[in-house]
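Using this note's numbering, the first residue of the sequence shown is number 1338, and each one after it goes up by one.
See below for the structure under consideration.
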Amino acid sequence: MVEAQKAFDEGQRLKETGQYAQAIPLVERALALREIVLTRTDPKVVDCLGLLGEIHLLLADYARAEPLLARVLTIREAALGDNHPDIAESLNNLALLYHYQGFYARAESLFARAIKISEATLGDSHSGLATMLNNLAALYQDQGLDTRAEPLYTRALKIREAALGSNHPDVAQSLNNLALLYQYQGLYARAEPLHARALKIRDTALGDNHPDVADSLNNLALLYQDQGLYARAEPLYARASRIWEAALGSNHPRVASSLNNLAAIYYFQGLYARAEPLLVRALKIWETALGDNHPLVASSLNGLATLYTEQGLYARAEPLIARALKIQEAALGNNHPLVASSLNTLATLYKEQGFYARAEPLLTRSLNIRKAALGGNHPRVASSLHNLALLLLAQQQPDKALPLFERAFTSSEQHLRQEVFGLSEQRLATFLHLLRAQEADLYALVRAHPSEPRVRHLALAASLLRKGRSVLEVANTSLIIHRNLGPTDREAFERLRTLRTQLAALSLAGPSKRAPADYQQRLKGLSDEGDALEADLARRSEPLRRLHLLPLPSQLISRVAEALPTDGALIEFIAYQDGPLVHKPGISPAQVHSRLRYLALLLFADGRTRAVDLGLAEPIDRAALRLHDALARQSASYLPTAQVLYKLAFQPLLPHLDKVHRLFLSPDGQLNLIPFAALHDNKRFLVDSFHITYLTSGKDLLPRSQDLPSNPSVVVLADPDFSSPPAAPPTEAQPAPGLAARSASLEYFFSTLRSQGTDIPWTPLPGTRKEADAIHRLFPQAQLLLGPDATKQALLKLSTPGLLHIATHGFFLEDAPSSSTSRAVGNFGAVGAGPEERPADPLLRSGLVLAGIHPPAG
1338 MVEAQKAFDE GQRLKETGQY AQAIPLVERA LALREIVLTR TDPKVVDCLG LLGEIHLLLA
1398 DYARAEPLLA RVLTIREAAL GDNHPDIAES LNNLALLYHY QGFYARAESL FARAIKISEA
1458 TLGDSHSGLA TMLNNLAALY QDQGLDTRAE PLYTRALKIR EAALGSNHPD VAQSLNNLAL
1518 LYQYQGLYAR AEPLHARALK IRDTALGDNH PDVADSLNNL ALLYQDQGLY ARAEPLYARA
1578 SRIWEAALGS NHPRVASSLN NLAAIYYFQG LYARAEPLLV RALKIWETAL GDNHPLVASS
1638 LNGLATLYTE QGLYARAEPL IARALKIQEA ALGNNHPLVA SSLNTLATLY KEQGFYARAE
1698 PLLTRSLNIR KAALGGNHPR VASSLHNLAL LLLAQQQPDK ALPLFERAFT SSEQHLRQEV
1758 FGLSEQRLAT FLHLLRAQEA DLYALVRAHP SEPRVRHLAL AASLLRKGRS VLEVANTSLI
1818 IHRNLGPTDR EAFERLRTLR TQLAALSLAG PSKRAPADYQ QRLKGLSDEG DALEADLARR
1878 SEPLRRLHLL PLPSQLISRV AEALPTDGAL IEFIAYQDGP LVHKPGISPA QVHSRLRYLA
1938 LLLFADGRTR AVDLGLAEPI DRAALRLHDA LARQSASYLP TAQVLYKLAF QPLLPHLDKV
1998 HRLFLSPDGQ LNLIPFAALH DNKRFLVDSF HITYLTSGKD LLPRSQDLPS NPSVVVLADP
2058 DFSSPPAAPP TEAQPAPGLA ARSASLEYFF STLRSQGTDI PWTPLPGTRK EADAIHRLFP
2118 QAQLLLGPDA TKQALLKLST PGLLHIATHG FFLEDAPSSS TSRAVGNFGA VGAGPEERPA
2178 DPLLRSGLVL AGIHPPAG
């Protein structure tokens, strides 16, 4: 008996640490010894049976788990009656088995009975009850019954935190499950902090290699995947897969999940050859472990069918998706969101083959299921609306398609507004990029129907809302923090600024003596810490940011038009990937190629809109770059190029600009690099005909009185003396909040260049002093920082001004060296690194050049 207890305790310990396979022989030894001495119904024998059944359940060996768990329940019911806590535990374990096998009705009744017994015998605050509530919620979630699942998850979390403390692994499980529910609902900003907290708890409590840690890694990666952050997701999936294979064996369903998810990453990146073997292996594991008719098998079949459809392998795809749909409808019912996904895949397969009449009812049914299960603003609902609109276009029904495009964009925008309060600038930019494909379809729609006002309005609303969105949201966060929130928030913002400065300095300095792997790890650590802090600040500022939301798409264009002068026009230039909205049947999506194209959308003060297709981007970009280079070299040969670009990018707009004298230009693509004022029509420059104002987006015209005090302080920094002695660093004054939040340590950059024998003779900019004088006449109270006073130290010592104007050279790190006489933006190769090693954030590859950058001659 002593030997049996020792084996049992060690088996229990191994199970708790995730070493399931190693635990089995010990528990089997304990069971064999106890059955020699004790009766087969003795509680100690039953404990061995129960532990062995739980381990087989964790290993997905359901055939061995079921008789053990059923035997335990039978023995306990005979010995203890119907209402003992141990009966509830046995019911819960058997219900979990049925849940994993896809027998949802059998599982639900057992969970319900277990909860009723626990509430009666243990009370409402016992952690055992929380476990059963959590498990029933997971069952509801898998059936798409989110409204039933959420209150159970929330109740379980509250009980566990009260009973076990905030850092217990069971608390992590509740956090994880609640996060998955929010994630499934498209509430990514609510899900991520819960996933992060669960992962931290599990890492600390269970160690790096526990299967539950892998579960958190996998789920966090899935969240990143949903947001388009594939580079973040892939290493997490890979790490989760390694942990699960080591702990559970290579044929466990959880390993199949990680393989399936990793395949999705490759699919979204177009790496089909890497995705297929992973999907095939995952399917084989699930079929072996769960049987041919499990919902996870159906999901795997759906993934393979999607991959084959994308490649035009329709004959291979159709039987897979038909089988998946049959399994899901039998196991989940006709109205589950997973059924909607399979319907969508089958409809896509028919659409690509030109079988539009077969595709339409499937897409309509998929849309209706998603709306009922997920709500009107879920990303999958927007996707269904957009896909159905494209199908109607293919059937030559643009009048029916347009309302669906409008509803899809409105749904997508509402979801974006919901998510924007929990995302950092980088994450928001990635999320916006994920929406770019559907946005590009709207611009292609304008090209196909330029005379349709509703189409123009929809495309213009998309451009106004999406261009420069991440910059606007981050600026609003910073403004609100410094004007309205408390000291804790400002301290966090200062910490964020410090992290960004450290990241910029390290990025520009290069690895130096660090090993490349250590250097990249340090960069990643700083970036991730800053990203998390920025997202937290975004969430904290949510209540006040909601007061300054952009107008709704239906109101936006009229509001911007009201802000235009009567003789003004807004011109939104849009660079977009233009592909066929409707392609020939039999041409697979992988064979469809898009080309970059320019579109100009015009808005006038009376609310009229116009659309002008400017053609392929290649000749326009080539002319823009030639003009940029000619101006940078101060070359007299710029005039012919200015005339070429005028004909390509501006002359097509002239027929719509009668009586217009003021242009508000929002460039895009390479057109951002050139001054439109320098364009020439063979007689005069554009600036001689129009007063030109540049905007990031037309929404910049909207009045935002909260941004500016009635009598703002004004600081103008201009005409730096690059050869003046560097100023001594400040000794007492600290950098003002809100300034230099993206300040890079240029000293690292230029000292590295000098160490390599390279220096840049920055040319003076006397014209910027004239700018400063002109601004000073408008704002006599303005503080001027000119010549040797235009230093970084002087800039950072400022109290935050209401208006700050800086006129000097800029630089960004690229591959081609610029001319030493350049008066424009300089571009340089990254120090000591190839282009693939450059920092991803453009603001870590750019900067401003201030006084003292060159030592005095001699």
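Each residue gets a CB set at the ideal place from its N, CA and C atoms; glycine is no exception.
Given the structure is predicted, the values throughout are model-derived calculations rather than measurements.
- The beta carbons of residue 1983 and residue 2016 sit about 4 Å from each other, so the pair counts as a contact at 8 Å.
- Distance from residue 1719 to residue 1749 at the Cβ level is roughly 4 Å; contact confirmed, criterion being Cβ atoms closer than 8 Å.
- In terms of CA proximity to residue 2188, 2124 leads the group 2148, 2124, 2136, 2139.
- Nearest to residue 1931 by C-alpha distance, out of 1430, 1944, 1915, 1920, is 1915.
- In the DSSP assignment, the residues bridged to residue 1905 are 1999.
- Contact between residue 1490 and residue 1531 fails: their C-beta atoms lie close to 10 Å from each other, not under 8 Å.
- With respect to the C-alpha of residue 1912, the residue from 1656, 1357, 1755, 1778 having the closest C-alpha is 1778.
- In this model, residue 1732 and residue 1696 are separated by some 11 Å (Cα to Cα).
- The Cβ atoms of residue 1546 and residue 1594 do not sit closer than 8 Å to each other.
- Excluding five sequence positions before and after residue 1958, the CB atoms of its chain that fall closer than 7 Å to its own CB belong to 2006, 2007, given in chain order.
- Shown here for residue 1420: same chain residues with a beta carbon closer than 8 Å to its own, the five before and five after excluded, namely 1454, 1457, 1458 in chain order.
- Note on geometry: alpha-carbon atoms of residue 1386 and residue 1659 lie some 41 Å from one another.
- DSSP places residue 2124 in the uninterrupted beta strand (DSSP E) bounded by 2120 to 2124.
- Within the region 1534 to 1564, the alpha helix (DSSP H) runs of at least 4 residues that lie entirely inside it are, in chain order, 1548 to 1563.
- Minimum Cα-Cα distance from residue 2120 among the listed residues 1405, 1559, 2055, 1460 corresponds to 2055.
- Boundaries of the beta strand (DSSP E) harbouring residue 1935: 1932 to 1941, taken from the DSSP string.
- Note that the C-beta distance between residue 1962 and residue 1951 is not below 8 Å.
- Around the C-beta of residue 2118, fewer than 16 other C-beta atoms lie within 10 Å, and the residue is accordingly described as exposed.
- Residue 1917 carries a coil assignment under DSSP once its states are collapsed to helix, strand and coil.
- According to the DSSP assignment, residue 1966 belongs to the alpha helix (DSSP H) that extends over 1954 to 1969.
- Annotation: the continuous alpha helix (DSSP H) that includes residue 1865 extends over 1853 to 1877.
- DSSP lists 1937 as the bridge partner or partners of residue 1949.
- Along the length of the region 1553 to 1619, whole alpha helix (DSSP H) runs at least 4 residues long occupy 1567 to 1585, 1590 to 1605, reported in chain order.
- DSSP links residue 2055 through a beta bridge to 2123, 2144.
- Taken through DSSP and simplified to helix, strand or coil, residue 2185 comes out as strand.
- Inter-segment contact for the region 2017 to 2030 and the region 1997 to 2004 is present: three or more beta-carbon pairs are separated by less than 8 Å.
- Taking a C-beta distance under 8 Å as the contact criterion, residue 1642 and residue 1682 qualify as a contact pair.
- The alpha-carbon separation between residue 1994 and residue 1906 amounts to approximately 8 Å.
- When secondary structure is reduced to three states using DSSP, residue 2011 falls in the coil class, being assigned neither helix nor strand.
- By the Cβ-count criterion, residue 1861 is exposed, with fewer than 16 other Cβ atoms from all chains shown falling within 10 Å of its own Cβ.
- For secondary structure counted as the alpha helix (DSSP H) over 4 or more consecutive residues, the region 1787 to 1830 holds these complete runs in sequence order: 1790 to 1803, 1806 to 1821.
- The distance from the Cβ of residue 1887 to that of residue 2036 is about 6 Å, consistent with a contact at the 8 Å cut-off.
- The continuous alpha helix (DSSP H) containing residue 1706 extends over residues 1693 to 1711.
- If you ignore the 5 residues before and after residue 1375, its C-beta comes within less than 8 Å of the C-beta of 1381, 1382, all in its own chain and listed in chain order.
- If you ignore the 5 residues before and after residue 1626, its C-beta comes within less than 6 Å of the C-beta of 1397, 1590, all in its own chain and listed in chain order.
- For residue 1870, the closest C-alpha among the options 1965, 1829, 1563, 1809 is that of 1829.
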